[in-house]
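Written below as C-alpha cells is the structure these notes are about.
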Amino acid sequence: MKTSRRKILLAAASCAALLPQLATAQAAWPDKPVRVIVPWAPGGITDILARLVAQKLSDKFGQQFIIDNKAGAGGNIGAEMVAKAAPDGYTLLLTNPGAFATNQYLYNDMRYKPSDFAPIIVLAKFPNALIVNKDLPVKTAQEFIEYAKKHPTTLNGGSSGAGSSGHLSLEMFKSMTGVQIQNVFYKGAAPTKLDLAAGRIQVVLDNVPGYLSELQGGSVKMLAVGTKTRLSTYPDVPTLDEVGVKGYESSVWYAMAAPKGTPASIVQRVNAAAQAALDSPDVQEKLKPLQGIAVGGSPDDAGKFFAEESQRWKGIIEKSGAKVEQ
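Listed below in C-alpha cells is the structure:
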C-alpha cells in the first residue's frame, strides 16, 4: 500500500511539474512555421482561399503559415496526414466538405475519421452552377436536361477529383433529374476547366469562381445556379430549383481543422485570427468577385455544421449510389 501510494504521489508530482512547461509551450505557440495542408492541387478555389487566409495568419502571429498542397484520393491523402500529425498546432487542414462530411460515405478504406479532427472554423461558401461548353446546342437548363435525356450515355461531365464538390453536385443532379452523364475525375481544377473549354467534356456542376475567366471569355456558358436564390452578379441566371429541379441546393464550403487533441487555447487563437481575417475589408473585397460568402463562427459552430452537412450528404450519396473505387 505504501509503495502504491508513493508511486501515485510521484506520478502526480511529475504531472504537476509538466503543467507549467505545457502552459509555456502553448503560450509560445507559434515559435516556428505552421504547415497548412490543402489536399488539392494548386490553382483551384481551395488553394486561392487558403493562401488568402494563410497570409493573414502569418501577419497576425509573426510566423509563416505555409500552404502545402497534398493532392490525391479525393483529399484523403492530405487529410490523413493531418489526422495523424502531432496535435501541437503546427499542422492544420484547410479543405472542402470531403474530409469533414462526405468522403466517409464514398470510400470503403478511409484511414481516418471526421472525429480525428478538432474543428476550428468554417471560412466561406461559394455557389455551384451548371456550366456547359459553349458549343453544346442548348441555351437553358431545361433544354440541357431534355438534350441529356435524348442522348443518354453520350455526355461527359467532369470534376476536380473523386469526392469533390463538383463530383457530388453532379451526382445529385443526375439522381434528381434522371439524366445519364459519365463523371470524369481530374487531378485538380485546372485540367477540368481546360477540357470543358475545349469540349472534351460537356458539363460541370462546380463552383462559379473557378470558371469566371472561362465565362467571361465565352468558352463556356452558365445555365443555372445551385443556390437557393439567384446571384446578384448573374441576376438573369435562374436557380436549378426555379427550372424544375425542386429542392436542389449545392454550394461548396471550406473549413479549417487541427488534429484531435490540439490544445483548445491554440484552436481558439487560430479561430479568432481567421475570424478577424474574414471580417477584414480587404478579404471581403477579394471574396466579392469570387462570389464568396464569409461564414465564420466558433469552433463549436464549425463542429455542429460538420455534423449537419454529414447527415445531409449521407442521404444524398446513398440515394445517388455514388461510390469511389480506389
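Numbering (mature numbering (1 follows the signal peptide of the UniProt record, and there is no 0)) for the sequence shown: -25 to -1, 1 to 301.
From the three backbone atoms N, C-alpha and C, an ideal C-beta is built for every residue, glycine too.
- [ ] Might you give, ordered along the chain, the residues of its own chain that have their beta carbon closer than 7 Å to the beta carbon of I268, omitting 5 neighbours on each side?
- [x] Position 293 of the sequence shown, counted from the first residue, corresponds to residue 268. Excluding five sequence positions before and after I268, the CB atoms of its chain that fall closer than 7 Å to its own CB belong to A99, K100, given in chain order.
Task: Those runs of the alpha helix (DSSP H) which lie wholly inside the region 145 to 197 and span at least 4 residues - done: Secondary structure remark: continuous alpha helix (DSSP H) runs of at least 4 residues inside the region 145 to 197, in chain order: 164 to 173, 187 to 192.
Open item on the list: Rounding to the nearest angstrom, what Cα-Cα distance links G132 and K7 in this structure?
Closed with: As a working mapping, residue 132 is identified with position 157 in the sequence shown. As a working mapping, residue 7 is identified with position 32 in the sequence shown. Each residue's Cα considered, the two are about 43 Å apart.
- [ ] Round the Cβ separation of K45 and I20 to the nearest angstrom and send it over; I've been treating them as touching at under 8 Å.
- [x] Locating residue 45 in the sequence shown gives position 70, where the first residue counts as 1. Locating residue 20 in the sequence shown gives position 45, where the first residue counts as 1. By a beta-carbon distance limit of 8 Å, K45 does not contact I20. Their separation comes to about 17 Å.
Open item on the list: In chain order, what are the residue ranges of uninterrupted alpha helix (DSSP H) at least 4 long that sit wholly in the region 59 to 139?
Closed with: You should have 78 to 81, 116 to 125.
- [ ] Say whether the region 191 to 206 touches the region 248 to 258, bearing in mind that this needs 3 or more beta-carbon pairs closer than 8 Å, one atom from each stretch.
- [x] Contact check between the region 191 to 206 and the region 248 to 258: fewer than three CB pairs, one atom from each, fall below 8 Å, which does not count as touching.
Task: Closest residue to A3 among P210, F36, K162, K261 (Cα-Cα distance) - done: The count along the sequence shown starts at 1 and reaches residue 3 at position 28. Nearest C-alpha to A3: F36.
Task: Own chain, CB closer than 6 Å to L145, minus 5 neighbours either side, in chain order - done: Your numbering for residue 145 matches position 170 in the sequence shown. Counting only Cβ-Cβ distances below 6 Å, and skipping sequence neighbours, we find G132, N158, L180.
Open item on the list: I need the straight-line Cα distance from V218 to S188, nearest angstrom please.
Closed with: In the sequence shown, residue 218 corresponds to position 243, counting from 1. In the sequence shown, residue 188 corresponds to position 213, counting from 1. Rounded to whole angstroms, the separation of the alpha carbons of S188 and V218 is 25 Å.
Open item on the list: Helix, strand or coil for L(-4)? Go by DSSP, reduced to three states.
Closed with: The sequence position of residue -4 within the sequence shown is 22, counting from 1. Legend: pLDDT at L(-4) = 47, less than 50; position of this residue unreliable, no value from coordinates given.
- [ ] Rounded to whole angstroms, what's the CA-CA distance from A282 to K235? Just pull it up for me.
- [x] One-based indexing of the sequence shown puts residue 282 at position 307. One-based indexing of the sequence shown puts residue 235 at position 260. So the two alpha carbons sit approximately 16 Å from each other.
TODO: Return the first residue and the last residue of the beta strand (DSSP E) that A230 is part of.
DONE: Against the sequence shown, residue 230 aligns to sequence position 255. In the DSSP annotation of this structure, the continuous segment of the beta strand (DSSP E) that includes A230 starts and ends at 226 to 234.
Open item on the list: At the level of alpha carbons, what is the spacing between K263 and M197?
Closed with: The count along the sequence shown starts at 1 and reaches residue 263 at position 288. The count along the sequence shown starts at 1 and reaches residue 197 at position 222. The straight-line gap from Cα to Cα measures roughly 18 Å.
- [ ] Report yes if the CB atom of N108 is closer than 7 Å to the CB atom of N182, and no otherwise.
- [x] Residue 108 sits at position 133 when you count from the first residue of the sequence shown. Residue 182 sits at position 207 when you count from the first residue of the sequence shown. Contact: no.
TODO: Pick out whichever of D110, T167, A76 has its Cα sitting closest to the Cα of W228.
DONE: Against the sequence shown, residue 228 aligns to sequence position 253. Comparing Cα-Cα distances from W228 to each of D110, T167, A76, the minimum goes to A76.
Task: CA-to-CA distance, Y82 to E300, given in whole angstroms - done: As a working mapping, residue 300 is identified with position 325 in the sequence shown. As a working mapping, residue 82 is identified with position 107 in the sequence shown. The straight-line gap separating the alpha-carbon atoms of E300 and Y82 is approximately 7 Å.
Task: CA-to-CA distance, S273 to S285, given in whole angstroms - done: Indexing the sequence shown from 1 puts residue 285 at position 310. Indexing the sequence shown from 1 puts residue 273 at position 298. Roughly 18 Å between the two C-alpha positions.
Task: G278 to D110 span [Cα, whole Å] - done: Stepping through the sequence shown from its first residue, residue 278 is reached at position 303. Stepping through the sequence shown from its first residue, residue 110 is reached at position 135. Using only the alpha carbons, I get a separation of about 43 Å.
Open item on the list: I'd like to know whether the C-beta atoms of L105 and A116 end up nearer to each other than 7 Å.
Closed with: Taking the sequence shown and counting its residues from 1, the one referred to as residue 105 is at position 130. Taking the sequence shown and counting its residues from 1, the one referred to as residue 116 is at position 141. Remark: C-beta atoms of L105 and A116 approach each other more closely than 7 Å.
TODO: Could you tell me whether the Cβ atoms of Q266 and P184 are closer together than 7 Å?
DONE: Here residue 266 corresponds to residue number 291 of the sequence shown, with the count starting at 1. Here residue 184 corresponds to residue number 209 of the sequence shown, with the count starting at 1. Result yes, Cβ atoms of Q266 and P184 sit closer than 7 Å.
Task: Coarse secondary structure for A249, derived from DSSP in three states - done: Taking the first residue of the sequence shown as 1, we reach residue 249 at position 274. The answer is helix: DSSP assigns A249 an H, G or I state.
Open item on the list: My assumption, with CB atoms under 8 Å, is that G138 sits in contact with G73. Please give the rounded CB distance.
Closed with: Residue 138 sits at position 163 when you count from the first residue of the sequence shown. Residue 73 sits at position 98 when you count from the first residue of the sequence shown. That pair is a contact at about 5 Å.
- [ ] Quick one: residues in its chain with C-beta nearer than 7 Å to the C-beta of F280, no 5 flanking neighbours on either side, listed in chain order?
- [x] Translated into positions along the sequence shown, residue 280 becomes position 305. So the qualifying residues of the chain are V97.
Open item on the list: Helix, strand or coil for V220? Go by DSSP, reduced to three states.
Closed with: Residue 220 sits at position 245 when you count from the first residue of the sequence shown. Reduced to three states, the DSSP call for V220 is coil.
Task: Q177 burial status per 10 Å Cβ neighbour count (16 or more: buried) - done: On the sequence shown, residue 177 is found 202 positions in, with the first residue counted as 1. With 16 or more other Cβ atoms within 10 Å, it is buried.
Task: Nearest-angstrom Cβ-Cβ length linking Y186 and V195, presumed shorter than 8 Å - done: To locate residue 186, count along the sequence shown from 1; it is residue 211. To locate residue 195, count along the sequence shown from 1; it is residue 220. Between V195 and Y186 the Cβ distance is about 6 Å, and since that is below 8 Å, they are a contact.
Task: Backbone secondary structure at V11 - three-state DSSP - done: Within the sequence shown, residue 11 is the residue found at index 36, counting from 1. The answer is strand: DSSP assigns V11 an E or B state.
- [ ] Mark I156 as exposed unless 16 or more other C-beta atoms lie within 10 angstroms of its C-beta, in which case mark it buried.
- [x] Taking the first residue of the sequence shown as 1, we reach residue 156 at position 181. Per the 10 Å Cβ criterion, buried.
- [ ] Report the option in D275, K294, A48, R10 whose CA atom is closest to the CA atom of Y87.
- [x] Walking along the sequence shown from the start, residue 87 turns up at place 112. Across the set D275, K294, A48, R10, the C-alpha of A48 shows the shortest separation from the C-alpha of Y87.
TODO: Output yes or no for whether 7 Å exceeds the beta carbon distance between A93 and A233.
DONE: Residue numbering aside, residue 93 sits at position 118 when the sequence shown is read from its first letter. Residue numbering aside, residue 233 sits at position 258 when the sequence shown is read from its first letter. Closer than 7 Å, so yes.
Task: Three-state class that DSSP yields for T21 in the structure shown - done: Translated into the one-based positions of the sequence shown, residue 21 becomes position 46. Residue state for T21 is assigned as helix, using DSSP reduced to three classes.
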